[in-house]
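One structure is given below, encoded as structure tokens.
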Amino acid sequence: MIVEKVKGLKYHKKQDVAIVGAGMTIFRRRLNETGKELSYYAVKQALEEAGLDISDIDMVVMGSAPDAFDGVHMKGEYLLDGAGGSNKPYMRVFVGGGTGVFAPIAGYWHVASGLADVCLVVTEEKMSSSHPHPQSAFKYIWDPILDRPLKPNLIWIFALEMRRYMHVHNIKHEDIALVSVKNKANALDHPAAQLAAKITVEDVLNSEPMALPVRRLDVSPPSDGASALIMVAPHIARQLTDEPVWVAGVGWSLDTTWWTNRDLYFPRYVAEAAKMAYKMAHITDPRKEIDVAEPYDPFDYKELHHMEGLGLAKKGEAPILTREGVTARDGDLPVCPSGGLLGVGNPIAATMGVKVAEIYWQLAYRAGKRQVPKEVTTGVAQAWGDLMQVGTVMVLSNKR
Amino acid sequence: MRVAVVGVGYSGFNANTPDLSWKEIMYEAAVRAYEDAGINPRKDVDSFVTCAEDFWEGFAIFDEFVPDQLGAVLKPTFTVTADFLHGIANAYMIIKSGLAEIAVVEAHSKASDIVTFGEVIKFAFDPIWLRPIGKAHPYYFAALEKSYYMSRRGYSDELFAEVVVKNKKHGRLNKDAPYSANVSVEDVLSSEAAFYPLRKLEIAERSDGAIVFVLANEQVAKELRDDPIWINGIGWWSETSNYDTMSFEAAYAKKAAEMAYKMAGITKPDKEIQLAEVDDRFAYKEVQHIEALGLAKKGEVEELMKSGYFDRKGELPVNVSGGNLSVGNLLEATGGQKALEVVLQLRGEAGRRQVDAEVGVAMSWRYIPTATGAVAVFSR
Numbered sequence: 001m002i003v004e005k006v007k008g009l010k011y012h013k014k015q016d017v018a019i020v021g022a023g024m025t026i027f028r029r030r031l032n033e034t035g036k037e038l039s040y041y042a043v044k045q046a047l048e049e050a051g052l053d054i055s056d057i058d059m060v061v062m063g064s065a066p067d068a069f070d071g072v073h074m075k076g077e078y079l080l081d082g083a084g085g086s087n088k089p090y091m092r093v094f095v096g097g098g099t100g101v102f103a104p105i106a107g108y109w110h111v112a113s114g115l116a117d118v119c120l121v122v123t124e125e126k127m128s129s130s131h132p133h134p135q136s137a138f139k140y141i142w143d144p145i146l147d148r149p150l151k152p153n154l155i156w157i158f159a160l161e162m163r164r165y166m167h168v169h170n171i172k173h174e175d176i177a178l179v180s181v182k183n184k185a186n187a188l189d190h191p192a193a194q195l196a197a198k199i200t201v202e203d204v205l206n207s208e209p210m211a212l213p214v215r216r217l218d219v220s221p222p223s224d225g226a227s228a229l230i231m232v233a234p235h236i237a238r239q240l241t242d243e244p245v246w247v248a249g250v251g252w253s254l255d256t257t258w259w260t261n262r263d264l265y266f267p268r269y270v271a272e273a274a275k276m277a278y279k280m281a282h283i284t285d286p287r288k289e290i291d292v293a294e295p296y297d298p299f300d301y302k303e304l305h306h307m308e309g310l311g312l313a314k315k316g317e318a319p320i321l322t323r324e325g326v327t328a329r330d331g332d333l334p335v336c337p338s339g340g341l342l343g344v345g346n347p348i349a350a351t352m353g354v355k356v357a358e359i360y361w362q363l364a365y366r367a368g369k370r371q372v373p374k375e376v377t378t379g380v381a382q383a384w385g386d387l388m389q390v391g392t393v394m395v396l397s398n399k400r
Numbered sequence: 001m002r003v004a005v006v007g008v009g010y011s012g013f014n015a016n017t018p019d020l021s022w023k024e025i026m027y028e029a030a031v032r033a034y035e036d037a038g039i040n041p042r043k044d045v046d047s048f049v050t051c052a053e054d055f056w057e058g059f060a061i062f063d064e065f066v067p068d069q070l071g072a073v074l075k076p077t078f079t080v081t082a083d084f085l086h087g088i089a090n091a092y093m094i095i096k097s098g099l100a101e102i103a104v105v106e107a108h109s110k111a112s113d114i115v116t117f118g119e120v121i122k123f124a125f126d127p128i129w130l131r132p133i134g135k136a137h138p139y140y141f142a143a144l145e146k147s148y149y150m151s152r153r154g155y156s157d158e159l160f161a162e163v164v165v166k167n168k169k170h171g172r173l174n175k176d177a178p179y180s181a182n183v184s185v186e187d188v189l190s191s192e193a194a195f196y197p198l199r200k201l202e203i204a205e206r207s208d209g210a211i212v213f214v215l216a217n218e219q220v221a222k223e224l225r226d227d228p229i230w231i232n233g234i235g236w237w238s239e240t241s242n243y244d245t246m247s248f249e250a251a252y253a254k255k256a257a258e259m260a261y262k263m264a265g266i267t268k269p270d271k272e273i274q275l276a277e278v279d280d281r282f283a284y285k286e287v288q289h290i291e292a293l294g295l296a297k298k299g300e301v302e303e304l305m306k307s308g309y310f311d312r313k314g315e316l317p318v319n320v321s322g323g324n325l326s327v328g329n330l331l332e333a334t335g336g337q338k339a340l341e342v343v344l345q346l347r348g349e350a351g352r353r354q355v356d357a358e359v360g361v362a363m364s365w366r367y368i369p370t371a372t373g374a375v376a377v378f379s380r
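Protein sequences, first through last, are from chains A and B. The UniProt record's numbering puts the first residue of the first sequence at 1, with every later residue one more than the last. The UniProt record's numbering puts the first residue of the second sequence at 1, with every later residue one more than the last.
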């Protein structure tokens, strides 16, 4: 028997959720600190910004991408005491590369369900323990029978995706390179940045070929780092700050394992995740209603790809908006004002610091030199991961 | 608004499953659960939760491989790197947050694919402080804990043998308990002291299986079936993952139980709970967990155990399914098997091993080297 259900989600949540503090370490290759120490630094900063003590924290959510990076089984358990999770309800959630925005989504439901009033979300990544390169950990993300014997690596499949995207919309590499130029320049204002630089389109096009069309400067670096976020119930937010930033919508979606069966030109999983988050946030026209965006940009074409998935541009329109300066920090729709993964670095799950935390800082007007000049009310952060497969989206707003 | 279990399905439990892949056992369990709940996963389920650890699976990002066989493609799906009961906690919160009306939780074990079990566990040890212990098998850490716990409480070795005898006997009534047996206290005590004072028969062997639950909010649950099983409370807790700072007395279980009991409004667990399924992957763990869950006072378990208090026909049956000692070590699906047994018992579908119970509790631990556990309270 199949019941007649599906009335649409009602969002009868127990309570609203606010963000009142965030912190992040610098992002670098081969930091001397262990993952536990990195987690500790990020947590300490977030607690200081919120004006809280670790004993005020009800529950802890951890986000960290594959255990293979560290060679540690049950990595969540290993990181537990560094992240302030000992003697607390502690939960590690995981959606591969999408974890950076997914962990705060899990933090959201810890508070929205009423089970916690103060939830600490910690994300950590230490990619440099992997020898000779984190790519060696990615050997084990493929289907063991159909994919692994081909010895693929990630740059190789993203080259396929980038080429497909360029082909369908007839996009030139020059236009894609502009994203790298913009983000690396934005990162000059980020104190945690790893690869901030003033570069030109020519620099990108003349950089070392990795797997064409992907060149060295099209790609974000592997990094170590951690970030933290404090999510609280309204009655706690009131005590801590006059200007909390509210979680307006969350969404996530996981596509089929068979990435070879997808048309790679458009990220449907991001579109599905965005649909869920926008519905919850009552957003019907994202291009008009979103003031600032942090889409996931591990590759320069990915920012464009994800802008289209998020409905911030029509299909094939994102490179045009970029060329016209719409996505610049002082543009009409600032995209990756933090400097993104291309400029600040890409410690997979810890990119929460340049995605959700950045939008929080922008909406709280605490982004310092990175603050976008326009007035902002609503922002969106997004991450992506697995086998070009998962989209995670969070919409924040400084109006309740 | 309450949250209920409206469908359960499982595949297994077997000592090994050479004929089916882990995807196939997940599919079997999922199809049975959807059939049980009377739902269509593609149309009706709002969110999917899976529970898995990469190293158990032999993948770097295992959550890539879960959506297809669950019917979860292009749906809100994610993985919890923890036990099934942690997965239940997330699904519970997702429903309570209004993000979903119907949520599905999955966990599985394909332990028979693991060639070097002890070596995989060692990868969970701190790489600097603990991993260099050389060739010692990680079970020695359980042996240390047992040793400490015995001397602390003054329990005799017969108590742990009694646990093995009871659970392996319970498993004889469960067709899905590959390690059930008729053994005596003498058999246990004379089995090889492989990790002294831990004997071979006190250690649960590994097995394969998958469990899928369908959870729904109160309104939908009542529409779906007349006998939903309510989740009255859920709790989870972590001490630390360092052997030098953990309590060795299952404080994780005590704290997780406190959280779940508070939510369920239970003040006298030994009176209000009629059925318990607790982690018994080492026989001494069952005793620790009985105490931690407040089902007996500290130091009193030996007397009660010997009097048959925790037997299937006793006052407070513990591990009627046969527990891990009969069903096997199901890795992250361990809590799933516990919760499954409680739900089947409360529904009156436990067949020959049926007991009379209104309120039951399921408890899991995340195995060596963790001090992390979760507790769920279910009622009719």
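Even for Gly, the Cβ is constructed at its ideal location relative to N, Cα and C.
Limits of the alpha helix (DSSP H) - the one that residue i falls within
i                      : result
residue 46 of chain A  : 35-50
residue 262 of chain B : 251-264
residue 288 of chain A : 286-289
residue 229 of chain A : Residue 229 of chain A -> not in any alpha helix (DSSP H); beta strand (DSSP E) instead, spanning 224-232.
residue 319 of chain A : 318-323
residue 253 of chain A : Looking at the DSSP string, residue 253 of chain A is not in any alpha helix (DSSP H); the run it does join, the beta strand (DSSP E), is 245-254.
residue 209 of chain A : It is not in any alpha helix (DSSP H) - residue 209 of chain A instead sits in the beta strand (DSSP E) that spans 209-211.
First and last residue of the uninterrupted beta strand (DSSP E) at residue i
i                      : result
residue 208 of chain B : 208-217
residue 69 of chain B  : No beta strand (DSSP E) contains residue 69 of chain B, which is instead part of the alpha helix (DSSP H) from 67-70.
residue 103 of chain B : 102-110
residue 234 of chain B : 229-238
Where residue i falls: helix, strand or coil (DSSP)
i                      : result
residue 373 of chain B : strand
residue 90 of chain A  : strand
residue 10 of chain B  : strand
residue 126 of chain A : strand
residue 49 of chain B  : strand
residue 346 of chain A : strand
residue 372 of chain A : coil
residue 133 of chain A : coil
residue 443 of chain B : Any question about residue 443 of chain B goes unanswered here, given that chain B covers just 1 to 380.
residue 389 of chain A : coil
residue 276 of chain A : helix
residue 123 of chain B : coil
residue 397 of chain A : strand
residue 300 of chain B : coil
residue 353 of chain B : helix
residue 384 of chain A : strand
residue 246 of chain B : coil
Beta-carbon spacing of residue i, residue j below 8 Å
i                      : j                      : result
residue 114 of chain B : residue 105 of chain B : no
residue 277 of chain B : residue 362 of chain B : yes
residue 360 of chain A : residue 245 of chain A : yes
residue 64 of chain A  : residue 79 of chain A  : yes
residue 309 of chain A : residue 267 of chain A : yes
Buried or exposed by the 16-neighbour rule on C-beta atoms within 10 Å, applied to residue i
i                      : result
residue 34 of chain A  : buried
residue 136 of chain B : exposed
residue 7 of chain A   : Unreliable positioning characterises residue 7 of chain A in this predicted model, as indicated by a pLDDT of 45, which lies under 50. The coordinate reading is nonetheless provided below. The residue in question, residue 7 of chain A, is exposed, as its Cβ has fewer than 16 Cβ neighbours within 10 Å.
residue 20 of chain A  : buried
residue 1 of chain A   : Confidence at residue 1 of chain A is low in this model, with a pLDDT of 33, below 50, so the placement of that residue is unreliable and no value is reported for it.
residue 129 of chain B : exposed
residue 289 of chain B : buried
residue 146 of chain A : exposed
residue 94 of chain B  : buried
Does the pairing of the stretch 200-214 of chain B with the stretch 19-33 of chain B give three or more beta-carbon distances under 8 Å? Judged by Cβ distances under 8 Å, the stretch 200-214 of chain B makes contact with the stretch 19-33 of chain B, as three or more pairs qualify.
Stretch-stretch touch, CB-based, cutoff 8 Å, three pairs: the stretch 124-144 of chain A with the stretch 230-247 of chain A: For the pair of segments examined, the stretch 124-144 of chain A was found not to touch the stretch 230-247 of chain A: the number of CB pairs separated by less than 8 Å stays below three.
Within the chosen definition, does the stretch 65-76 of chain A reach the stretch 144-156 of chain A through at least 3 CB pairs nearer than 8 Å? Pairwise C-beta distances place the stretch 65-76 of chain A out of contact with the stretch 144-156 of chain A, as fewer than three of them are shorter than 8 Å.
Using 8 Å as the threshold, is the stretch 236-255 of chain B in touch with the stretch 369-376 of chain B, meaning 3 or more CB pairs across them? Judged by pairs of C-beta atoms under 8 Å, the stretch 236-255 of chain B touches the stretch 369-376 of chain B, as three or more such pairs exist.
Is there contact here, the stretch 325-343 of chain B with the stretch 81-93 of chain B, by at least three beta-carbon pairs under 8 Å? Output reads yes: the stretch 81-93 of chain B touches the stretch 325-343 of chain B.
Inspect the CB distances between the stretch 126-136 of chain A and the stretch 6-19 of chain B and report whether three or more fall short of 8 Å. Output reads no: the stretch 6-19 of chain B does not touch the stretch 126-136 of chain A.
At a cut of 8 Å, does the stretch 336-354 of chain A reach the stretch 181-199 of chain A through at least three beta carbon pairs? Short answer: they touch.
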